[in-house]
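Take a look at the structure set out below.
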Amino acid sequence: MTLRLQFHPQAGKRKTAAGARALAAVFAVAFFAVAAPRTAAAADIKAGEQKAQVCAACHGPGGKSANPMYPILAGQPAQFIATALFEFREGKRKNEQMSPLAAKLTNADLNDLAAYFSAQPAPPPLRQTSAPNLTAGRDLTVKNACIACHGAKLLGQQQMPRIAGQFQDYLRTQLTNFKAGTRADMDGTMSSAAQGLSPQDIDVLADYLSGLPTQ
Amino acid sequence: MKINAALAAALLLTAGGIAQAQQAAAPAPSWQQGMSADQSTSTLHPLAGIVTGRPASELPLNKLKVPPGFKVEVFADGIPDARSIAIGDKGTVFVGNRNQSNVYAITSNGGKREVKVILKGLNAPNGVLFHKGTLFVAERERILRYDGIENSLDSPPAPKVVIDGLPQQPGHFWKTMAMGPDGKIYFNIGSPGNIVLPGYIQASISRVDPNTGKFEVVATGVRNSVGMDFDPRSKKLWFSSNARDWLGEDGPADILSMVKFKGEEHGYPYCHQGDMADPIYGKLRSCKEFSPPVHKLGPHIAPLGMRFYTGNMFPAEYKNSIFLAQHGSWNRTVKQGYNVIRVVVDPKGRVIKSEPFLEGFLTDEKADPPMWGRPVDVQQMKDGSLLVSDDYNGVVYRVSYSK
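One line per chain: the protein sequences are A and B, in this order. Residue numbering for the first sequence follows my numbering, beginning at 2 and increasing consecutively. Residue numbering for the second sequence follows my numbering, beginning at 216 and increasing consecutively.
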């Protein structure tokens, strides 16, 4: 007999939507005042630093977020940052706070922000993996070929983010959403990679990855 | 999908009522499918382009090499994910997208070159083809036609559907097209994974009559052809095709081949490169049953767009040569490709010689990434110069010749 059970991912609405929207609107105004239009040129860390001021309220100074609601951006690969912002801007990835902020970024903005955040040192992990998940987590990263793209130490490269030392809740939410097909995925790789993960696997991975060294 | 009774009962008892379906055998990503257990620690991975593209001013163009007398320059930048190229009757250069969703037009107006998005929101519009006033666009699951589009680039006409309902598939969903001497559109339907038994119209080259919509499979066992063109002398269809991954560094070879008759079988997934039985599917059918390729290009070299040169700008010996863009693959520790080659073939379908034509994108064959640009398609302009697209940088180059 075939039994079909529908999986409804929890929407995961875990903050004050109205406040966040108001905050986003304020930032959007402040942000675009400093983002002067510019024709294509090499990514500029200095310009990125200025443009990133608005990001700090949530993602922390230099992208070193201390709030598990907002991912750590410091030390992420530049190509990943630009790609993520691009996906928000183009509406492929959606988030109440990020979408309006990204909506009017130019390509130069994307690349400047990417250059800036990638140049910041990644903070050490904020928590320790529970002992049983040290081995279970490592095995899952091999079995699911996480290391093929995210690198042997899961520090990220090119368009693939550093997942080592990222926040546990954030990792869990992203993996759950990839599996549900609700997280943007330019070429389908992560969505299909997440299909093999059970909710328990996702918990193990989130615990394991969030405790990994970031260097 | 089968779920054991205990698990199902446990799930149904879950307090929050979240019913979680356990995936029995989840499919691997199409690129990873076919990877063996002893390759599980491999760090080889597909490469992605720069989503915003890069301006020409950021590119190390001085690294590019072409034969003496030829010149390469950037024709246009600002075309992120630049894939297939087509040339309109009035000289418009059309460029498609694979991972993004636009079709671009490059126009030249009194020496001023302009790049604009003319079609948006399409589903992997990788294939573009221009014929007698009509732009054909191949999306993931259908082919559209835009009649008379060059007359109204700023407000393109509503498209008509040539064919719809092509397979929904995770892997090799992007299409490329060639116009046949019979007025039909020839196009690929790739294999849905790295190494799988394809459905009967998958891993094929097929054709559709743009006027009637009549569809026919022309050749099977073609894993994924992303380049095809008709030899102007023999009128035979030549194609490039990408071989499977995860069988090692040195094989199987990607191929250049020719369709000799309708219904011809080219081997996939049973036999690769004409003489290498697949470890799984090779037990089902023998290599002797299939047409071998005309030419082995090399393992993991990723041949994509190809065109016979029919222009008058290049030296006479280039006439009827094939220009072939090699995207450069990823499933190899020491990378190769990332260039455009010239292959000289005779009208009977034999390869006379093969040589590099445009090189210099590959910077360090062992680095990750190993290159700064990736050629996708080649297309001849009306003046006989050759355009080359690069989806890593979102750039189109132009190669010209003068004595």
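Note that beta-carbon positions come from the ideal geometry of N, C-alpha and C, so glycine has one too.
(message) So for residue 271 of chain B, helix, strand or coil by DSSP?
(response) helix
(request) Give the DSSP bridge partners of residue 444 of chain B, in chain order. (result) B/453
(message) Is residue 120 of chain A close to chain B? Criterion is C-beta to C-beta, closer than 9 Å.
(response) no
(message) Check for me: the alpha helix (DSSP H) holding residue 395 of chain B runs from which residue to which?
(response) Residue 395 of chain B -> no alpha helix (DSSP H), and no H or E assigned at all.
(request) For the segment 281–347 of chain B, list the beta strand (DSSP E) runs that are entirely contained and at least 3 residues long, ordered along the chain. (result) 285–291, 300–302, 308–310, 318–324, 327–334 and 342–346
(request) Could you name the residues of the segment 262–289 of chain B whose beta carbon sits closer than 9 Å to any beta carbon of chain A, in the order they occur along the chain? (result) 262, 263, 264, 265, 266, 267, 268, 269, 270, 271, 272 and 273
(request) Compare the C-beta of residue 583 of chain B with all C-beta atoms of chain A and state if any pair is closer than 9 Å. (result) yes
(request) Using three-state DSSP, classify residue 459 of chain B as helix, strand or coil. (result) coil
(request) Using alpha carbons as the reference points, say which of B/474, B/599, B/556 and B/361 lies closest to residue 309 of chain B. (result) B/361
(request) Mind checking which residues open and close the alpha helix (DSSP H) that includes residue 102 of chain A? (result) 99–103
(request) Note down, in chain order, all residues in the segment 245–256 of chain B with a beta-carbon under 8 Å from any beta-carbon belonging to chain A. (result) 245, 246, 247, 250, 255 and 256
(request) Return the CA-CA distance between residue 86 of chain A and residue 492 of chain B, expressed in angstroms with no decimal places. (result) 45 Å
(message) For a contact defined as C-beta to C-beta under 8 Å, what are the partners of residue 108 of chain A on chain B?
(response) 267 and 268
(message) In chain order, what are the residue ranges of uninterrupted alpha helix (DSSP H) at least 4 long that sit wholly in the segment 120–192 of chain A?
(response) 132–144, 147–151 and 169–181
(message) For the beta strand (DSSP E) containing residue 354 of chain B, name the first residue and the last one.
(response) Counting along the chain, residue 354 of chain B falls outside any beta strand (DSSP E), and DSSP gives it neither H nor E.
(request) Ignore the nearest five residues each way along the sequence and tell me which others in residue 371 of chain B's own chain have a CB closer than 8 Å to its CB. (result) 333, 334, 361 and 364
(message) Please report the distance separating the alpha-carbon of residue 193 of chain A from that of residue 159 of chain A.
(response) 19 Å
(request) Could you tell me which chain B residues have their CB closer than 8 Å to the CB of residue 83 of chain A, listed as they occur along the chain? (result) 265, 266 and 267
(message) Measuring only the C-alpha atoms, how far is residue 387 of chain B from residue 268 of chain B?
(response) 23 Å
(request) Run the CB neighbour count on residue 415 of chain B, radius 10 Å, all protein chains shown included, and call it buried at 16 or more, exposed below. (result) exposed
(message) Cutting at 7 Å between CB atoms, please list the residues of its own chain near residue 197 of chain A, excluding the five before and the five after it.
(response) 145
(message) Taking its Cβ as the centre, do 16 or more other Cβ atoms sit within 10 Å of residue 42 of chain A, making it buried, or is it exposed?
(response) With a pLDDT of 49 at residue 42 of chain A, under the threshold of 50, the modelled position of this residue cannot be trusted, and the question is left open.
(message) I need the DSSP call for residue 477 of chain B, collapsed to helix, strand or coil.
(response) coil
(message) Tell me the rounded alpha-carbon separation between residue 170 of chain A and residue 458 of chain B.
(response) 40 Å
(request) With 7 Å as the C-beta to C-beta threshold (strictly closer), list the residues of the segment 314–330 of chain B near chain A in chain order. (result) 314
(message) In the DSSP output, what is residue 523 of chain B paired with across the bridge?
(response) B/537
(request) Could you round the C-beta distance between residue 287 of chain B and residue 281 of chain B to whole angstroms and report it? I think they count as a contact, below 8 Å. (result) 5 Å
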